[in-house]
Amino acid sequence: MAIFKAEYRANFSDTDAAGIIHFSTIFFWVEATEEALYRQLKLPFLKSDGNKLMGFPRVRVECDYLAPIYREDLVVIELSPRELGDKKIIWNFKAKVGEKEVANGALTTVYAWRDGQGPMSAALVPLETKTTFENFFKA
Numbered sequence: 001m002a003i004f005k006a007e008y009r010a011n012f013s014d015t016d017a018a019g020i021i022h023f024s025t026i027f028f029w030v031e032a033t034e035e036a037l038y039r040q041l042k043l044p045f046l047k048s049d050g051n052k053l054m055g056f057p058r059v060r061v062e063c064d065y066l067a068p069i070y071r072e073d074l075v076v077i078e079l080s081p082r083e084l085g086d087k088k089i090i091w092n093f094k095a096k097v098g099e100k101e102v103a104n105g106a107l108t109t110v111y112a113w114r115d116g117q118g119p120m121s122a123a124l125v126p127l128e129t130k131t132t133f134e135n136f137f138k139a
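Residue numbers are given in the numbering used here: position 35 of the sequence shown equals residue 35, and the series is strictly consecutive.
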């Protein structure tokens with residue numbers, strides 16, 4: 001299975017006083033990696049037709065931290081699908097510094113839409129999106 005990768009440099013603003021990244025930084029990088037994947041595959045990450053808003057809100061996230069990431073470390077986020085469901089996508093992710101895995105986890109997103117300011121409603125993942133991911137990750 002193919003893996004999508006993106007690199008990030010741990011900056012001063014990502015770290016605490018000890019120079020170790022704040023736990024939430026991983027989640028920002030995972031979300032940025034997910035958006036980069038959509039961009040590369042020319043899929044809409046968030047779509048609006050003026051009144052209707054469609055996208056993949058996050059409904060669950062989990063992460064195991066295996067080693068600290070320090071300021072100036074070059075971090076690679078690897079993203080791959082655990083499940084490409086009818087209404088949800090579960091992404092597995094790993095964070096690596098060099099060859100060392102420093103964190104791993106999963107992000108669950110659900111395809112949803114809303115009209116105007118109304119509540120979000122779950123919907124089927126667009127077939128084009130699901131098929132594009134299946135074709136990309138089976139390579």
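Backbone N, C-alpha and C fix where the C-beta goes; we use that ideal spot for every residue, glycine too.
Counting C-beta atoms within 10 angstroms of its own C-beta, residue 15 has 16 or more neighbours from the protein chains shown and is therefore classed as buried.
Burial is judged here by how many other beta carbons sit within 10 angstroms of a residue's own beta carbon; residue 49 has fewer than 16 and is exposed. Listed in chain order, the non-local C-beta contacts of residue 26 below 7 Å within the same chain comprise 63, 95 and 103, local neighbours out to five positions each way being set aside. For secondary structure counted as the alpha helix (DSSP H) over 4 or more consecutive residues, the region 13-65 holds these complete runs in sequence order: 25-40. Inter-residue distance for residue 21 and residue 73 is about 10 Å (C-alpha atoms, whole angstroms).
The alpha carbon of residue 37 has as its nearest neighbour, out of 4, 19, 46 and 8, the alpha carbon of 4. Residue 10 and residue 66 have their C-alpha atoms spaced approximately 16 Å apart.
In the structure shown, the three-state DSSP call for residue 92 is strand.
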